[in-house]
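Taking this note's numbering, the leading residue of the sequence shown gets 404, the next gets one more, and so forth. Cβ coordinates follow ideal geometry from the N, Cα and C atoms, glycine included.
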Amino acid sequence: MFEPAQLRTFLAVAQTLSFTQAAHRLGLRQSTVSQHVRKLEEAAGRRLFARDTHGVELTEDGEAMLGFARTILEANERAASFFAGTRLRGRLRFGASEDFVLTRMPEVLEEFRRDHPEVDLELTVELSGTLHELEAAGRLDLVLAKRRTEDSRGRLVWRDRLVWVGAERLRLDPQRPVPLVVYPPPALTRARALEALERAGREWRIACTSGSLNGLIAATRAGLGVMAHTRGMIPPGLVQIQPRAGLPELGGVDFVLLYGQLDRAARGPAEALADAILAGGDRLQLP
Numbered sequence: 404m405f406e407p408a409q410l411r412t413f414l415a416v417a418q419t420l421s422f423t424q425a426a427h428r429l430g431l432r433q434s435t436v437s438q439h440v441r442k443l444e445e446a447a448g449r450r451l452f453a454r455d456t457h458g459v460e461l462t463e464d465g466e467a468m469l470g471f472a473r474t475i476l477e478a479n480e481r482a483a484s485f486f487a488g489t490r491l492r493g494r495l496r497f498g499a500s501e502d503f504v505l506t507r508m509p510e511v512l513e514e515f516r517r518d519h520p521e522v523d524l525e526l527t528v529e530l531s532g533t534l535h536e537l538e539a540a541g542r543l544d545l546v547l548a549k550r551r552t553e554d555s556r557g558r559l560v561w562r563d564r565l566v567w568v569g570a571e572r573l574r575l576d577p578q579r580p581v582p583l584v585v586y587p588p589p590a591l592t593r594a595r596a597l598e599a600l601e602r603a604g605r606e607w608r609i610a611c612t613s614g615s616l617n618g619l620i621a622a623t624r625a626g627l628g629v630m631a632h633t634r635g636m637i638p639p640g641l642v643q644i645q646p647r648a649g650l651p652e653l654g655g656v657d658f659v660l661l662y663g664q665l666d667r668a669a670r671g672p673a674e675a676l677a678d679a680i681l682a683g684g685d686r687l688q689l690p
């Protein structure tokens, strides 16, 4: 038997790769998080995390546990909802960063729709910076988007790093400005790329600008330049630029949930969708 509370803690640690961040997300003490993970590892008879001074990583058995944990928790939630005899109703205005277009976000939304068929979901797909502005203006109830690692707003879903990506055949000339494929402002990845290059004293030029992720991917695949992208979500046909190219580090990036100014009708649906995203957050990265 695997305890749901321990499985939720396991997923939180797996997605944030931090016992401290998992404790903050779940509202638990860090010692409780460690205890949950230890008991789950004892129940499984396998080590699920490799821990050292550099951080936390999933073991091979931990990767396998991800799928089982999601399945068990989803079944548990459906059973609880069925026997509670309550159905959520209302309208939910949900905004998601365009990064998730190529991931398994449709699966998460499909499951939410199946479990809560009487919730009308209005989906807005935009740049993270634009979503932050819409949420602040009261036009969205729930947002899933990037934030800078130094920003404390939002509920952490998972943490990753930004890396440079390009076509496999692309070769950068160190004597010429770095050709960039970027979103328009106020995109966070654009700002991070320009700031990193400026700090490193590396000249750059904008080779292509597009407000569409598919447009950026097409331009980068065509070899027009390099783009800053989340390491766990590198699109097919693109590869991470190796350090020998001399491009500066881009640093970490957090994906968070932000709640808008919820009215009574939207509060329940927003919490339910947030729970579904937190439970399956690791699925929002590319397989």
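- The three-state reading of DSSP puts Arg667 in helix, counting H, G and I together.
- Checking the DSSP bridge columns, you'll see Leu545 partnered with Phe497, Tyr662.
- Straight across, the Cα-Cα distance linking Leu420 with Glu460 is about 6 Å.
- Classified as buried, Pro672 has 16 or more neighbouring CB atoms from the shown chains inside 10 Å of its CB.
- A residue is called buried when at least 16 other Cβ atoms come within 10 angstroms of its Cβ; Met630 meets this threshold and is buried.
- Judged by DSSP in its simplified three-state form, Thr633 adopts strand.
- With three or more CB-CB distances shorter than 8 Å, the segment 663–682 counts as touching the segment 512–530.
- Going by beta carbons, Asp464 and Leu443 fall outside the 7 Å limit.
- The alpha helix (DSSP H) runs of length 4 or more contained entirely in the segment 471–540 are, from start to end of the chain, 508–518, 531–539.
- In this structure, the beta-carbon distance from Arg634 to Asp563 falls below 7 Å.
- Around the beta-carbon of Met468, 16 or more other beta-carbon atoms lie within 10 Å, marking it buried.
- Here the C-alpha atom of Ala599 lies approximately 48 Å from the C-alpha atom of Arg490.
- The shortest C-alpha to C-alpha distance from Pro589 to any of Gly614, Ala483, Gly604 is the one to Gly614.
- Contact between the segment 655–669 and the segment 539–547 is present: three or more C-beta pairs spanning the two stretches fall below 8 Å.
- For the 7 Å CB-CB criterion, Pro582 and Ala610 form a contact.
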